[in-house]
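Chains as they are written, first to last, in my numbering: chain Z, 8 to 413; chain H, 8 to 413.
Number of protein chains: 2
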Amino acid sequence: MTQFSSEIDPPARLLMGPGPVNAHPRVLRAMSAQLLGQFDPEFTSYMNETMALYRAVFQTENRWTFLIDATARGAIEAALISTLVPGDRIVVGSIGRFGGLLAEIAERCGAELHLLTAPWGEVLSPEAIEDAIAAVKPRLFACVHGDTSTTMAQPIEGIAAICRKYGALSYVDATATLGGMDVPVDRWGVDIVTSGLQKCLGGPSGSAPITISDQAAAWIASRRHIEQGLMLGSGGGTNARIGSNYFDLAMIMDYWSEKRLNHHTESTTLLYAARECARLMLEETLPARFRRHDLASAAVVAGTTAMGLIPYGDLRHKMSNVTGIVIPPGIDGERVRAKMREDFSIEIGSSFGPLQGKIWRIGAMGWNATKPNVLATLVALETVLRREGFAAPAGAAADAVLAAYA
Amino acid sequence: MTQFSSEIDPPARLLMGPGPVNAHPRVLRAMSAQLLGQFDPEFTSYMNETMALYRAVFQTENRWTFLIDATARGAIEAALISTLVPGDRIVVGSIGRFGGLLAEIAERCGAELHLLTAPWGEVLSPEAIEDAIAAVKPRLFACVHGDTSTTMAQPIEGIAAICRKYGALSYVDATATLGGMDVPVDRWGVDIVTSGLQKCLGGPSGSAPITISDQAAAWIASRRHIEQGLMLGSGGGTNARIGSNYFDLAMIMDYWSEKRLNHHTESTTLLYAARECARLMLEETLPARFRRHDLASAAVVAGTTAMGLIPYGDLRHKMSNVTGIVIPPGIDGERVRAKMREDFSIEIGSSFGPLQGKIWRIGAMGWNATKPNVLATLVALETVLRREGFAAPAGAAADAVLAAYA
Numbered sequence: 008m009t010q011f012s013s014e015i016d017p018p019a020r021l022l023m024g025p026g027p028v029n030a031h032p033r034v035l036r037a038m039s040a041q042l043l044g045q046f047d048p049e050f051t052s053y054m055n056e057t058m059a060l061y062r063a064v065f066q067t068e069n070r071w072t073f074l075i076d077a078t079a080r081g082a083i084e085a086a087l088i089s090t091l092v093p094g095d096r097i098v099v100g101s102i103g104r105f106g107g108l109l110a111e112i113a114e115r116c117g118a119e120l121h122l123l124t125a126p127w128g129e130v131l132s133p134e135a136i137e138d139a140i141a142a143v144k145p146r147l148f149a150c151v152h153g154d155t156s157t158t159m160a161q162p163i164e165g166i167a168a169i170c171r172k173y174g175a176l177s178y179v180d181a182t183a184t185l186g187g188m189d190v191p192v193d194r195w196g197v198d199i200v201t202s203g204l205q206k207c208l209g210g211p212s213g214s215a216p217i218t219i220s221d222q223a224a225a226w227i228a229s230r231r232h233i234e235q236g237l238m239l240g241s242g243g244g245t246n247a248r249i250g251s252n253y254f255d256l257a258m259i260m261d262y263w264s265e266k267r268l269n270h271h272t273e274s275t276t277l278l279y280a281a282r283e284c285a286r287l288m289l290e291e292t293l294p295a296r297f298r299r300h301d302l303a304s305a306a307v308v309a310g311t312t313a314m315g316l317i318p319y320g321d322l323r324h325k326m327s328n329v330t331g332i333v334i335p336p337g338i339d340g341e342r343v344r345a346k347m348r349e350d351f352s353i354e355i356g357s358s359f360g361p362l363q364g365k366i367w368r369i370g371a372m373g374w375n376a377t378k379p380n381v382l383a384t385l386v387a388l389e390t391v392l393r394r395e396g397f398a399a400p401a402g403a404a405a406d407a408v409l410a411a412y413a
Numbered sequence: 008m009t010q011f012s013s014e015i016d017p018p019a020r021l022l023m024g025p026g027p028v029n030a031h032p033r034v035l036r037a038m039s040a041q042l043l044g045q046f047d048p049e050f051t052s053y054m055n056e057t058m059a060l061y062r063a064v065f066q067t068e069n070r071w072t073f074l075i076d077a078t079a080r081g082a083i084e085a086a087l088i089s090t091l092v093p094g095d096r097i098v099v100g101s102i103g104r105f106g107g108l109l110a111e112i113a114e115r116c117g118a119e120l121h122l123l124t125a126p127w128g129e130v131l132s133p134e135a136i137e138d139a140i141a142a143v144k145p146r147l148f149a150c151v152h153g154d155t156s157t158t159m160a161q162p163i164e165g166i167a168a169i170c171r172k173y174g175a176l177s178y179v180d181a182t183a184t185l186g187g188m189d190v191p192v193d194r195w196g197v198d199i200v201t202s203g204l205q206k207c208l209g210g211p212s213g214s215a216p217i218t219i220s221d222q223a224a225a226w227i228a229s230r231r232h233i234e235q236g237l238m239l240g241s242g243g244g245t246n247a248r249i250g251s252n253y254f255d256l257a258m259i260m261d262y263w264s265e266k267r268l269n270h271h272t273e274s275t276t277l278l279y280a281a282r283e284c285a286r287l288m289l290e291e292t293l294p295a296r297f298r299r300h301d302l303a304s305a306a307v308v309a310g311t312t313a314m315g316l317i318p319y320g321d322l323r324h325k326m327s328n329v330t331g332i333v334i335p336p337g338i339d340g341e342r343v344r345a346k347m348r349e350d351f352s353i354e355i356g357s358s359f360g361p362l363q364g365k366i367w368r369i370g371a372m373g374w375n376a377t378k379p380n381v382l383a384t385l386v387a388l389e390t391v392l393r394r395e396g397f398a399a400p401a402g403a404a405a406d407a408v409l410a411a412y413a
C-alpha cells in the first residue's frame with residue numbers, strides 16, 4: 008500500500024537540542040496501552056493518580072495540579088487567559104524569546120502589558136522586578152524560569168513575596184526546567200506554574216502539567232461559567248467570563264474534580280505518558296535527578312570549553328539542562344548541525360531572533376542527560392568542527408567530559 | 008515502588024459509547040515509536056505526508072489540511088477565533104449540545120451570536136438556515152455535522168452555496184463523523200471542517216484534523232501576526248489580530264508551510280497516531296468504511312428494536328456511528344450502564360442536558376464497528392435489562408443483529 012505511505016519508522020536520532028528530546032522507552036510503551044472511556048472509574052483513578060504524582064513533581068500541596076491537553080504553550084495561554092481580565096495590567100519579566108511569548112499572549116488576552124526585559128544572556132534582578140511591580144500594581148506578574156532561547160534561568164526565590172506585597176498573582180513558565188532543575192513550587196510560593204513533557208520530563212509534547220494555588224484557583228473560579236446544554240440549572244460566577252472555552256481553567260478544574268463535568272475528552276494516551284514521566288522522576292528521586300542534570304551540564308561546559316569553544320551568556324545563571332555555545336567566526340552553524348545529523352544522527356539546536364546563527368544549543372535533559380550521550384555529542388561536534396576547519400585539539404572534549412564525570 | 012502507583016495496565020474494555028472508542032492496535036503501536044526533532048527533515052516529511060493523507064480523508068484538494076495539537080474542541084476554537092473578529096455576526100445552526108458549544112465559543116470570541124436551533128432529535132431545514140443567513144448576513148455560519156448528544160446528523164449539502172450567496176464563510180464540526188460517515192469537503196464546498204481522532208478515526212483524543220479552503224485561509228492570513236523575538240523584521244497582516252496565540256491558524260499554517268516558522272512543538276506521538284488512523288482508513292477505502300459503519304448502525308437499530316427498545320429521534324437523520332436508545336420506564340439507566348461495565352466490561356454512553364437519564368448512546372465506530380462488537384454489546388444489554396426486570400425476548404437481539412449482517 009505504498010500510495011498510503013509506509014509504516015512509521017523514524018530514524019534513530021539522539022536528540023541533544025533544546026527539546027523535544029528522546030522519550031524514555033517506558034513512556035513510549037505506556038502510550039501503546041489501550042484507551043479507556045473518560046468517565047470510566049479506572050480512568051478517573053488514573054487522573055487522580057496523575058494529580059498526586061505531579062504534586063510531588065512540582066513539590067506542592069496544591070489541590071489543583073493536573074494536565075492541560077495542549078503543548079506547553081497551550082498551558083501558558085490557559086494560565087494567562089484564565090487569570091487576566093481584558094484591561095488588567097500585567098508585568099512580564101522577560102529574559103528571551105519565551106518571555107516575549109508571554110508578553111504576546113498577554114496582549115492577546117487584552118491585558119495592558121508592562122514589559123521588563125533583561126539583555127539576552129542575562130537575568131532580571133529582584134530589585135528591577137519589585138520596582139516594576141510597585142509602579143504598575145498589576146493583576147499578574149509572569150516570567151519564564153528557564154528561557155531556552157538564551158539558556159538562562161531566572162532566579163525565582165523571593166518573587167512571589169514581592170507579588171503578594173503588592174497584591175499581584177504570580178505565574179512562572181517552567182516548560183524547559185521541570186524535571187531537570189529544582190522547581191519547588193510551594194517554597195517559591197508562586198501561584199501558577201506550567202510545564203510540558205518534552206523537555207526534562209522525557210516525554211512527548213502535547214500534554215502540559217499545571218499547578219495552581221488555592222488563591223489563584225479562587226480567583227479563576229469566580230470567573231466560572233458552565234456551558235449551556237451541559238446540565239440543567241447551569242450557574243455562573245460573579246466575575247468576567249474567561250475569553251477561551253478550551254483554556255478555561257475553571258471548567259477544566261470542574262472536569263478534574265469529583266464533579267467530572269464534561270469539558271474536552273482527556274487525551275488518554277498523553278495522560279498515560281505524563282503519568283509515566285512522573286513515575287520515572289519520583290523513582291529516581293528529585294535530588295538524584297537534578298544532580299544528573301547538573302553533572303551533564305558541567306560536562307557539556309567542560310567539553311566544549313576544552314575544544315576551544317565559548318559557552319554563551321552569564322554562566323552563573325545558565326540552565327543546567329541546556330548550554331549555549333557561541334558559533335566560532337568563519338564556521339557555518341547550520342552546516343555543522345546538518346553534518347551532526349547526517350553523519351552522526353545527532354541533533355543539536357540553533358536559536359532565534361538576535362541569536363539566530365550566533366549560538367548552538369546543546370540540551371542534555373530527561374532520559375538523555377547521561378555520560379554516553381554527552382560524550383557522543385561532543386566527540387561528534389569535535390569531529391565535524393575539525394573537518395570544517397576549526398582547530399579543536401583532538402580528544403580534548405572526550406577527556407574533559409570524562410574528567411567532569413570522574 | 009508502590010508509592011508511585013503501578014505500571015499502566017488499563018482493564019480490557021469494549022468502548023461502545025459515543026467516543027472515545029478503542030484505538031486500532033496499529034495506532035497504539037505507532038505511538039510507541041521514538042520521537043524526532045520538530046524540524047528534522049524526516050519529521051517534516053511525516054508532517055507533509057500527514058497533510059496529504061488527510062486531504063484524502065477529508066476528500067479535498069485544500070492545501071491547508073493539517074493537525075491542531077488539542078482535542079477536537081480545540082480545533083473548533085481555532086476555527087472560530089481565527090475567523091471571527093470581535094463584533095462579527097455569526098449564525099450557529101444548533102441541533103444539540105455540541106451546537107450549543109459552537110455558540111458558547113463564538114460568544115467568547117466576542118462575536119454577535121444568532122442562534123438557530125432545532126428541537127433535540129431533529130435537524131434544521133435548508134430554508135430555515137437560508138432565512139437566518141439572509142437576515143443576519145454573518146461573517147460565518149457554523150454547525151455540527153453529527154451531534155452525538157442527540158445522535159442526529161445535520162445534512163450539509165447546499166449550505167455552503169447559501170453561505171456564498173450572502174458572503175458568509177462556512178464551518179462544519181465533523182468531530183464525530185469523519186471516518187465513519189461521508190464528509191466530502193470539496194463537494195460540500197464548506198470553508199473549514201474540523202474533527203478529532205477519538206471517534207470514527209479510531210485513535211486517541213488530543214490531535215484534531217482541520218481543513219481550510221483557500222478563501223478562508225486568505226482571510227485568516229490577513230490577520231497574520233508574527234511573534235516578536237522569533238525573527239528579525241517581523242511583519243503583520245492588515246486585519247485584526249487573532250485573539251489567541253495557540254489557536255492562531257495563520258501562525259499554525261506558517262508552521263505547517265515550507266517556512267516552518269516556530270509555533271508550538273508538534274506532538275510527535277499524536278502525529279504518528281493521526282497518520283496511522285488515516286492510513287487505516289485509506290487502505291480500507293472510504294466506501295467500504297462508510298458501508299461498515301452503516302451496517303453496524305442498521306444492526307444496532309435492528310437489535311435494540313427486536314429487544315423492545317425504541318431508538319431515539321428522527322431516524323432519517325440518525326448518525327450511522329451512534330444510536331440513541333430511549334431508556335424504558337422504570338429502568339435506571341445509570342445502573343444498567345454500571346452493570347454493563349462491571350459484568351461485561353462494555354461501556355455504553357448516557358447523554359447531556361435535557362436527555363440526561365432519558366437515553367443511552369451506543370456507538371459502533373472506527374475499529375469497533377464490527378459484527379462481533381455489536382453482538383457482544385446487545386447480548387450484554389439484553390442480559391442486563393432482563394435481570395433489571397425489562398422483558399426483552401431472550402435471543403431476539405442476537406438474531407436481529409445476525410439477520411442485519413446476513
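The beta-carbon is built from N, C-alpha and C at its ideal position, and this holds for glycine as well. Quick caveat, the model's predicted, so the values are computed rather than measured.
Would you list the residues sitting across from residue i in a DSSP beta bridge?
i	result
Glu119(Z)	Arg96(Z)
Tyr178(Z)	Ala149(Z) and Ile199(Z)
Glu354(Z)	Leu22(Z)
Ser101(Z)	Thr124(Z)
Thr330(H)	Ile369(H)
Phe73(H)	Ile217(H)
Leu185(Z)	Met188(Z)
Go ahead and pull the three-state DSSP assignment for residue i.
i	result
Val28(Z)	coil
Glu49(Z)	helix
Asp321(H)	coil
Leu109(Z)	helix
Ser12(Z)	coil
Leu239(Z)	For Leu239(Z), the pLDDT reaches just 43, beneath the cut-off of 50, and the residue's location in the model is therefore unreliable, although a value from the coordinates is still provided. Coil.
Phe359(Z)	coil
His232(Z)	strand
Phe254(Z)	coil
Trp226(H)	helix
Leu131(H)	coil
Ser493(Z)	The first residue shown for chain Z is 8 and the last is 413, placing residue 493(Z) beyond what the model contains.
Phe397(Z)	coil
Gly81(Z)	helix
Ala387(Z)	helix
Met159(H)	strand
Using a 10 Å radius around the Cβ and a threshold of 16 neighbouring Cβ atoms, would you call residue i buried or exposed?
i	result
Pro211(H)	buried
Lys325(H)	buried
Ile317(H)	exposed
Ser156(Z)	buried
Met8(Z)	Only weak support is given to the placement of Met8(Z): the predicted model assigns it a pLDDT of 40, under 50, and the question is left unresolved by the model.
Glu283(Z)	buried
Gly364(Z)	exposed
Lys206(H)	buried
Ala139(Z)	buried
Ser358(H)	buried
Arg115(H)	buried
Residue range of the beta strand (DSSP E) that residue i falls in?
i	result
Pro216(H)	Ala215 to Ile219
Ile366(Z)	Ile366 to Gly370
### Query
Of the residues that make up the segment 111 to 136 of chain Z, which ones have a beta carbon closer than 7 Å to any beta carbon in chain H?
Glu111, Ile112 and Arg115
### Query
Which residues, taken in chain order from the segment 258 to 280 of chain Z, show a beta carbon closer than 8 Å to some beta carbon of chain H?
Asn269, His270, His271, Thr272, Glu273, Ser274, Thr275, Thr276, Leu277, Tyr279 and Ala280
### Query
At a Cβ cut of 8 Å, what residues of the segment 313 to 340 of chain H count as close to chain Z, listed as they run along the chain?
none
### Task
Using a Cβ-Cβ cut-off of less than 8 Å, list which residues of the segment 194 to 221 of chain Z approach chain H; keep chain order.
Gly203, Gln205, Pro211, Ser212, Gly213 and Ser214
### Query
Using a Cβ cut-off of 8 Å, which residues of the segment 68 to 82 of chain H contact any Cβ in chain Z, in chain order?
Asp76, Ala77, Thr78, Ala79, Arg80 and Gly81
### Task
Taking only beta carbons into account, state which residues of the segment 30 to 41 of chain H come closer than 7 Å to chain Z, listed in chain order.
Ala30, Leu35, Arg36, Ala37, Met38, Ser39, Ala40 and Gln41
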